[in-house]
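What follows is a short report on a single structure.
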Amino acid sequence: RDERLALKERARTLLKERGAVLVAHYYVDGDLQDLAIETGGCVSDSLEMARFGRDHAAQTLVVAGVRFMGESAKILSPEKRVLMPDLDATCSLDLGCPAEQFAAFCDAHPDRTVVVYANTSAAVKARADWMVTSSCALSIVGHLHAQGKKILWAPDRHLGSYVQRQTGADMLMWTGDCIVHNEFKGTELELLRREHPLAKVLVHPESPQSVVEQADVVGSTAQLLKAVIEMDAPEFIVATDNGMFHRMKQAAPNKRLIEAPTAGNSATCKSCAHCPWMAMNALQGVIDCLEKGSGEIHVEEPVRSQALGCIDRMLDFVK
Ligand code: 13P
Ligand code: SF4
């Protein structure tokens with residue numbers, strides 16, 4: 032504990048000395064989330080992280096999350112230095128959608144509007160017309176559908192099918208998934224709900240349909256946090272990465288939070304619902320990137336400017 036406090040102090044000092052701001056996701060280590068808040072940075076979902084990094088005056092952004100979040104920050108602010116505690120922190124959705132195969136998929140369907148989830152590489156975004164995050168996917172696809180557009184969607188099949196069911200849009204889909212959310216189980220959730228009849232069920236839309244269908248609220252991490260704060264219920268069953276519980280407990284200390292069941296929620300695996308790549312973010316990594324300049328994100332041209340189009344379109348839409 033003393034060592035952690037010392038690391039946190041060192042990171043705090045370095046952020047100040049280097050004029051840097053920490054932009055963190057809700058799934059990273061609680062110490063990093065606290066440090067971000069205490070030093071004037073932000074902890075949020077992917078949409079807010081992108082906006083915050085773009086709008087903040089600091090010339091160095093330390094992005095604690097996974098690679099696509101650092102890349103989005105760099106695409107939006109090429110003049111800023113974007114550092115990450117660990118450059119190997121990736122995402123199964125990003126890994127499962129290689130740019131060349133994705134380009135071939137797009138080439139085969141030129142009549143479709145290409146909509147990609149934020150959890151993709153810069154090269155994939157460079158081929159897209161729109162980027163969406165989980166907080167605005169429904170409204171953007173709903174808007175395109177109302178204009179009569181047919182959609183090519185990538186890469187998350189669960190989010191894609193949720194959006195498809197809600198909007199009725201014609202969506203041709205890539206079949207990626209999130210290794211964390213894909214593990215939540217509908218039947219086990221039904222049993223757990225019987226034990227907690229007063230609980231509200233909060234679900235991230237990267238979860239399978241059988242889980243999403245039981246939700247009182249489906250939304251991005253920030254939207255799920257808001258639901259815990261605002262909904263009048265004594266307990267919540269939460270189907271998202273358990274890193275999220277840190278902020279939820281701070282924001283609603285009197286509410287009981289229960290992890291939604293995964294195949295591995297058992298005596299042998301108490302924390303299966305935690306992203307291994309988000310877990311790579313640590314205080315030491317923040318110190319190293321600020322001290323040594325390690326973990327710098329570069330996005331080469333012309334990919335950067337090509338990818339900027341789809342992100343800007345989303346940010347203009349949600350304004
Ligand atoms: P949010 O945009 O909802 O924070 O989701 C990001 C993510 O990676 C969820 O697994
Ligand atoms: Fe990717 Fe899933 Fe990890 Fe989010 S939780 S970064 S979607 S692997």
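Using the UniProt record's numbering, read the sequence shown as starting at 32 and increasing by one per residue. We put the beta carbon where it would ideally sit given N, CA and C, even for glycine.
Contact test: residue 273 Cβ vs the ligand SF4 heavy atom, cutoff 7 Å: For the ligand SF4, not one heavy atom lies less than 7 Å from the Cβ of residue 273.
DSSP bridge partner residues for residue 290 (one or two, in chain order): Answer by DSSP bridge pairing, in chain order: 269.
Limits of the alpha helix (DSSP H) - the one that residue 45 falls within: Secondary structure note for residue 45: its alpha helix (DSSP H) is the uninterrupted segment 33 to 48.
8 Å contact criterion, which residue 76 and residue 253 should meet: CB distance rounded: With a contact defined as Cβ atoms closer than 8 Å, residue 76 and residue 253 qualify at about 4 Å.
Length at least 3, wholly inside the stretch 133 to 166: the beta strand (DSSP E) runs in chain order: Whole beta strand (DSSP E) segments, 3+ residues: 144 to 148, 161 to 163.
Residue 213 CB to nearest heavy atom of the ligand 13P below 7 Å: Outside the cutoff, so no.
Span separating the alpha-carbon of residue 248 from that of residue 272: Here the alpha carbon of residue 248 sits roughly 16 Å from the alpha carbon of residue 272.
Reduced DSSP secondary structure (H/G/I, E/B, other) of residue 250: DSSP, read as helix, strand or coil, puts residue 250 in coil.
First through last residue of the alpha helix (DSSP H) which encompasses residue 341: Segment 334 to 349, the alpha helix (DSSP H) holding residue 341.
Other residues of its chain near residue 315: CB distance less than 7 Å, five sequence neighbours each side excluded: Here the set comprises 38.
Distance between beta carbons of residue 345 and residue 167, contact taken as under 8 Å: About 6 Å separates the CB atoms of residue 167 and residue 345; that is less than 8 Å, so the two are in contact.
heavy atom of the ligand FMN below 7 Å from residue 209 C-beta: Only the ligand 13P and the ligand SF4 can be found as ligands here, which leaves the ligand FMN out of the picture.
Residues surrounding the ligand 13P [beta-carbon distance to nearest heavy atom under 5 Å]: Matched residues: 76, 77, 164, 165, 251, 252.
Those runs of the beta strand (DSSP E) which lie wholly inside the stretch 176 to 235 and span at least 3 residues: Whole beta strand (DSSP E) segments, 3+ residues: 182 to 185, 202 to 204, 231 to 234.
Other residues of its chain near residue 189: CB distance less than 8 Å, five sequence neighbours each side excluded: Excluding residues within five positions, the ones whose Cβ falls inside 8 Å are 208, 209, 212, 213, 236, 237, 238, 239, 240, 243.
Backbone CA spacing between residue 353 and residue 64 [nearest angstrom]: Residue 353 cannot be examined here, being either before or after the span of the chain that is shown, 32 to 350.
Segment limits, beta strand (DSSP E) that includes residue 122: Residue 122 -> no beta strand (DSSP E), and no H or E assigned at all.
Any 3 or more C-beta pairs closer than 8 Å across the stretch 144 to 153 and the stretch 109 to 129: Put simply, the stretch 144 to 153 touches the stretch 109 to 129. At least three CB pairs are less than 8 Å apart.
Identified DSSP bridge partners for residue 91: Answer is 51, 112.
Proximity to residue 205 [Cα-Cα], best of 155, 226, 219: The shortest Cα separation from residue 205 among 155, 226, 219 belongs to 155.
Residues bridged to residue 75 [DSSP beta-bridge criterion]: Answer by DSSP bridge pairing, in chain order: 56.
Residue 237 beta carbon near the ligand SF4 (any heavy atom closer than 7 Å): Checking the Cβ of residue 237 against the ligand SF4 gives yes.
Residue range of the unbroken alpha helix (DSSP H) whose run includes residue 263: Taken as a continuous stretch (DSSP letters only), residue 263 belongs to no alpha helix (DSSP H), as it is neither H nor E.
Collapsed DSSP secondary structure at residue 69 in the structure displayed: Shown here, residue 69 sits in a helix according to DSSP, grouped into three states.
Burial state of residue 298, where buried means 16 or more other Cβ atoms lie within 10 Å: Below a pLDDT of 50, predicted positions are generally treated as unreliable, and residue 298, at 49, falls in that range; no measurement from the model is reported.
Cα-Cα separation between residue 182 and residue 58, rounded to whole angstroms: In this structure, the alpha-carbon of residue 182 lies about 30 Å from that of residue 58.
Three-pair Cβ contact test at 8 Å for the stretch 173 to 182 versus the stretch 89 to 104: Taking 8 Å as the limit for Cβ pairs, the verdict is that the stretch 89 to 104 does not touch the stretch 173 to 182.
Cut-off 7 Å between Cβ atoms - residues of its own chain near residue 199, not counting five sequence neighbours on either side: Leaving aside the five residues that flank residue 199 on each side, the residues in its chain whose CB is nearer than 7 Å to its CB run, in chain order, 176.
Check: residue 124 C-beta below 7 Å from any heavy atom of the ligand SF4: At least one heavy atom of the ligand SF4 falls within 7 Å of the beta-carbon of residue 124.
Neighbourhood of residue 100 by C-beta, 7 Å cutoff - its chain only, sequence neighbours within 5 removed: So the list reads 56, 77, 80, 94, once near-sequence residues are dropped.
Distance cut-off 7 Å: residue 128 Cβ against heavy atoms of the ligand SF4: Not so, every heavy atom of the ligand SF4 lies at least 7 Å from the Cβ.
Member of 72, 174, 67, 103 whose CA lies at the smallest distance from the CA of residue 88: Relative to residue 88, the option among 72, 174, 67, 103 whose CA is nearest is 72.
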